[in-house]
Every structure is written in C-alpha cells, then in structure tokens.
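In the numbering used here, the protein residues as written are 216 to 650. We put the beta carbon where it would ideally sit given N, CA and C, even for glycine. Below: one structure, written as structure tokens.
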Ligand SMILES: Nc1ncnc2c1ncn2[C@@H]1O[C@H](COP(=O)(O)OP(=O)(O)O)[C@@H](O)[C@H]1O
Ligand SMILES: [Mg+2]
C-alpha cells in the first residue's frame, strides 16, 4: 500500500498542454509529410528502408539538409555544403537555398554558388571592412574599389609627410641662420644654440607627422590586380587534334566507346562528366600516357602540349620549388624567383621541399611551370580543385590571357566562365544519381 501511495498522480493538465503543443508543432503530421519532403529534396524515388550508407555523397547531403528542414529552424549554418556534390546536386541546393525562408549562413569556396545564394559576404581576412552587401562578384568589385581608395589615401598621406618634412627641415635651417645673426652681434664667448620661434615651429610640424599622420597611416595596400604573370605560348596551325572512334576499357570495364572529337585552334573546351566518366583517362590517352586503345588519334603539326595531371604526380617530391621550376623553365634564378613570387611563392618558400607542400601549393607550382613554359595546347585535369581562392584568381587570370588552345576538366563553374570556355564536351553520366 505504501508503494502505491508513492506513485505521483498524473498531471492531466500538463499532459493536455503538452499534447496540444505537440499538435501545434506538427508532431502528428510529421510521418505523413515525409514523402513531400523527400520530393522537395529530390529523393522521392529512394525507398524509405534503404540504408543511409548506400546513398551517394550528393544524396547524403540532401538527406542532412532534409533533417535541418524538418527541424524548422530559421537559421541554417552550412560548412562547405557543395564539397563532393555533383553539378546537379549543387544546382538543386542553390534552388533550395534561394527559396528558403529563414537565414542562411554558409562557408564556401565555390564562387558561383556564393554568387547564386548570398546577398552578404563576410570577409574575415579583411578586418577593416568585414561585411559587404551583395553577392560574390559585387563583393570583389567593392573590395577592389576600397583597396584602390586605400592606396590613393596612402599615397596622398605619403606626399603630405614628404611636404611637411621638407617644411620642418627648412624651418630648422632658418632657425640656425637666425641663430648665426644673433651670434654675429655677440661679443662674448661664442655659444652655439638653436633657438627661436622657427625651431619650435619645426618641432611642431615633426610632432604632427608622428602623432597625427603616421599613427593613422594604413599599411601600404597591395593591389592584386597589379600582379601579372607572363604566359609564353607559341603559334600553332589550325588543326590541333582529331580523335576518331576511340574505344578504351580498363579490363572489362568500358570507359570510352567510339568517341569522336575534333579540336581546332582557339577552342577552349570544358570536358565535363560525372566522377568515373573517363575524363582523366581521355586526357591520358591524348597525352600518350595510355596507349592500348583502339581508334585513331592524330595531332596537328607543331603542337606543343602541356599537361596538368590531377594527381600532381609529375613533380619530383625530393626537389625544392625553385629547383623543380628551373628544371623545366629556362630563366635565371632572379627572374624565376620573381615569377614564383607572382604565383604566391614568397621569400624562402621557393626553397621548400615539394614533399612538404600542400596539394593546393603543388597544383600552383605545376600550373606555374605550365604557364612559364612554351606550349600551344593545354590539357588541364582539375587544375584548381585544391587551390584557395587567391590562387584560383591568379591562375584564371593567366589562363584568360592564354591564346593557345585548351581542354580543361573542372567542376568550378566560376573558373570555367572566367577563362572563357567556348565549347563543352560532356562524357555523359555513367553513375546515375537519382534526381
Ligand atoms: N588504372 C586503372 N585501372 C582500372 N580502372 C581505372 C584505372 N583508372 C581509372 N579507372 C576507372 O576508370 C573509370 C574512369 O576513370 P577516370 O578517367 O579517372 O574518371 P574521371 O576523371 O572522369 O573521374 C573510373 O571508374 C575509374 O575507377
Ligand atoms: Mg579525373
């Protein structure tokens, strides 16, 4: 009996209140609304009992977003959401975020994605003006305008410092002259002393320079637009490459089947296709690294190709940055250091061993060697995929001014736009992803 009496009585009012809250929050609808959410997430044709492990990278990301969506939070925090997503999934995500009612705060290196999804950019590197209104392109424009203005202010202040220093110098020497006059009439022992109003004025000017101007002086801004790297491309004939009925398999796995492609001078081709569709294989066949194919490949006269390998396996890990650069490029050491400086290998970094470089740095070095060398046909396999944004900007600017022919494999839509792609070759979708 004692045990029974210790049982808490049911608080019916509390129970009813909680039940109502559960109802209001959509608790009873949640199961029936899942199919709708799945449609919205582009996952409608996946059976509900499928294990999460069997989903593709893009599908997993969509599922994670779906969970966020169900929680109905009004703030989405996304850290590099487009990594490992194929183009279709990125476009889906853009559409989703454009229609999302709440606040979205995201980190991304995908500049096209930033352009399509953001209306404010927070730049943590630039502590002075961290927030920019607008998308990524608008941010770049405002930032470069601000940097330019800063440089103008800097130059004006330097000029003012120069002018005031001269004035102070003049006043000082005038003060000495006054002093001499004073000494001339003096009959006692000669006493040298700088005195008078003018010396005082000189000091006031010097104080002004130190306390007013120099203290508020910005660091000298560096205009990135000024960085220029020379590209050495050589003339080619009209015909670059003809591929006919190219067929290739790895063991039993057919990668390319009766593939045809004609490349002519001035073509700037983006080679696209899902992971595993054979993009890298095709470039390796063109460059001659893979030979057991059938079909014909004929390269035009005087074609000098340059190849960027996705695996960065063309660099010798035991060499330093400058040794490797000079192995391929005829330049004196001073010019090589300037060239490498312009592709962001500053100071002693040129003496760093390649084995200690990050993937992005290796990619940058490989591109520097390609750009500084003489070529007229570039074959680039995902050149920017490990690079940070400043590196990408330098490379894309250089490639935009390259007037040879190129085939580029890249998922970076912003990069492809900037380098002026004029043809797209799609190797098709071998991995079918549910959309
Ligand atoms: N050396 C190899 N041996 C066997 N299969 C390979 C080899 N290299 C690539 N593959 C396979 O061939 C397909 C095409 O690869 P790849 O050309 O690297 O694709 P992409 O560059 O389009 O992602 C993939 O399925 C890949 O797993
Ligand atoms: Mg590849």
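query	result
Burial state of residue 620 (16 or more Cβ within 10 Å)	buried
Complete runs of the beta strand (DSSP E) confined to the region 567-644 [at least 3 residues]	592-596, 620-624, 638-641
Cβ-based neighbour list, residue 313, same chain, cut-off 8 Å, excluding 5 preceding and 5 following	331, 332
Residue span of the alpha helix (DSSP H) that contains residue 520, given as start and end	No alpha helix (DSSP H) holds residue 520; the beta strand (DSSP E) holding it covers 520-523.
C-beta contact flag for residue 348 and residue 335 at 8 Å	yes
Presumed contact (8 Å Cβ cut-off) between residue 477 and residue 592, rounded CB distance	In fact, because the Cβ distance is near 13 Å, the residues do not count as touching under 8 Å.
Chain-order list of residues whose beta-carbon lies under 6 Å from that of residue 456 (same chain, five-residue window excluded)	478, 514
Through-space distance from residue 375 to residue 431, alpha-carbon basis	13 Å
Cα-Cα separation between residue 189 and residue 540, rounded to whole angstroms	Absent from the model: residue 189. The displayed extent of the chain is 216 to 650, so no value can be given.
Whole-Å CB distance - residue 380 paired with residue 346, under 8 Å assumed	Not quite, the Cβ-Cβ distance comes to about 38 Å (not below 8 Å), so this is no contact.
Closer than 7 Å: residue 624 CB and nearest ligand 2 heavy atom	yes
Burial state of residue 386 (16 or more Cβ within 10 Å)	buried
Of the listed residues 557, 366, 524, nearest to residue 625 (C-alpha basis)	524
Terminal residues of the alpha helix (DSSP H) in which residue 331 lies	326-332
Exposed unless 16 or more other CB atoms sit within 10 angstroms - verdict on residue 405	Note on residue 405: pLDDT 47, under 50, position unreliable in the model; the coordinate value appears next. Flag for residue 405 reads exposed.
Per DSSP, the bridge partner or partners of residue 315	Residue 315 pairs with nothing; no bridge assigned.
Per DSSP, the bridge partner or partners of residue 485	623, 639
Three-state class that DSSP yields for residue 382 in the structure shown	helix
Near ligand 1: residue 490 beta-carbon under 7 Å from a heavy atom	yes
Any non-hydrogen atom of ligand 2 within 7 Å of residue 658 CB	Any question about residue 658 goes unanswered here, given that the chain covers just 216 to 650.
Bounding residues of the alpha helix (DSSP H) (the contiguous stretch that carries residue 536)	536-543
Ligand 1 heavy atom lying under 7 Å from the CB of residue 465	yes
Heavy atom of ligand 1 within 7 Å of residue 512 beta-carbon	no
Any non-hydrogen atom of ligand 1 within 7 Å of residue 428 CB	no
Backbone CA spacing between residue 600 and residue 578 [nearest angstrom]	9 Å
Buried versus exposed, by CB contacts within 10 Å (16 or more), residue 230	exposed
Beta-carbon contacts of residue 532 that lie in its chain and below 8 Å, excluding the five residues immediately before and after	568, 569, 570
Residue 165 beta carbon near ligand 1 (any heavy atom closer than 7 Å)	Absent from the model: residue 165. The displayed extent of the chain is 216 to 650, so no value can be given.
Where residue 560 falls: helix, strand or coil (DSSP)	coil
CA nearest to the CA of residue 520, picked from 529, 561, 606, 622	622
Same chain only: Cβ atoms within 8 Å of residue 631, ignoring 5 sequence neighbours per side	485, 623, 625
Same chain only: Cβ atoms within 6 Å of residue 574, ignoring 5 sequence neighbours per side	601
Cβ contact check for the region 497-515 and the region 458-475: 3 or more pairs under 8 Å	yes
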